[in-house]
Amino acid sequence: MPKTVQKPHEAEEEYFARLEVEKKCKISEKKRAEMAQKEIESLKKIHARRCAECGQELETVVFKGIAVNKCFHCGGAYLGREAFQKLCGRDNHFMNLFMEIFQFQS
Ligand SMILES: [Zn+2]
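Residue numbering for the sequence shown follows the numbering used here, beginning at 539 and increasing consecutively.
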């Protein structure tokens with residue numbers, strides 16, 4: 539079988555085709571990343587300040603420096619990271635009082 543000899547213009551054509559494919563791959567990856575970011579932002583807009591259980595709006599109640607996001611529809615209460623860390627550093631008396639006020643005890 540005769541060996542195929544690539545003419546100079548064919549090598550050049552192949553080179554530019556590879557460049558174009560690489561460039562379009564990068565554009566496609568960038569679009570995918572942007573879409574993922576848009577979806578994250580869209581979900582954040584929909585769920586911000588909403589109860590994870592029932593979707594109703596949350597109200598913030600500050601108790602001894604700890605902000606509690608309370609749902610007065612279903613009774614859920616949510617803490618941000620900072621509030622949770624503050625709460626974990628408190629004593630049992632405080633925790634019992636907190637649980638009583640925010641109605642976590644049955
Ligand atoms: Zn709720």
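Glycine included, each C-beta is placed from N, C-alpha and C at the ideal position.
Reducing DSSP to helix, strand and coil, say where residue i ends up.
i: Lys-608; result: strand
i: Ala-615; result: strand
i: Glu-591; result: coil
i: Gln-641; result: coil
i: Arg-570; result: helix
i: Ala-586; result: coil
i: Arg-556; result: helix
Can you give me the start and stop residues for the alpha helix (DSSP H) that residue i sits inside?
i: Val-543; result: From DSSP, Val-543 is part of no alpha helix (DSSP H); its letter is neither H nor E.
Check whether the Cβ atoms of residue i and residue j sit closer than 8 Å, and answer yes or no.
i: Val-606; j: Phe-640; result: yes
i: Cys-609; j: Gln-623; result: no
i: Ala-621; j: Ile-604; result: yes
i: Phe-601; j: Phe-636; result: yes
How far does the beta strand (DSSP E) with residue i in it reach, from first residue to last?
i: Phe-601; result: 597-601
Segment contact flag, the segment 585-601 with the segment 612-620, C-beta cutoff 8 Å, min 3 pairs: Because the criterion of three Cβ pairs below 8 Å is met, the segment 585-601 and the segment 612-620 touch.
What residues does ligand 1 have around it, judged by CB closer than 6 Å to any heavy atom, in chain order? Cys-589, Glu-591, Cys-592, Gln-594, Cys-609, His-611, Cys-612 and Gly-614
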